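Numbering (this note's numbering), first residue to last: 1092 to 1193. All C-beta atoms, glycine included, are put in the ideal place defined by N, C-alpha and C. Predicted model only: the values in this text are computed from it and were never measured. Have a look at the structure below, then the notes.
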């Protein structure tokens, strides 16, 4: 997908997908809005502020990769009630919004 990164899974490992978080390289919020408005797919941003920028943990550290990740992460629906058809609908919606067709 152009402009969307998916989480890697190490060879021989099995991911439990407590969250399925993609990285939207440009306009994450617009991407999320399009998923909801055009496809009825809700999303979430669990960690919108990097830890080093939180008031209780604030530091002067320059962590540009962390800050970039906070701007890009978008979690897709993942829960036991999703059917295979629901999962396919989420995939098709992400593909459509990313411009890959559905």
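Query                                                                                                                       : Result
Quick check on DSSP: helix, strand or coil for residue 1112?                                                                : strand
Between residue 1168 and residue 1150, what straight-line distance do the alpha-carbon atoms span, to the nearest angstrom? : 32 Å
Can you check which of these residues, 1179, 1143, 1105 and 1174, is closest to residue 1158 by C-alpha distance?           : 1143
Pull up the DSSP beta-bridge partners for residue 1096, would you.                                                          : 1114
Using 8 Å for Cβ pairs, my map puts residue 1136 next to residue 1113. What's the rounded Cβ distance?                      : Not confirmed; about 11 Å, so no contact.
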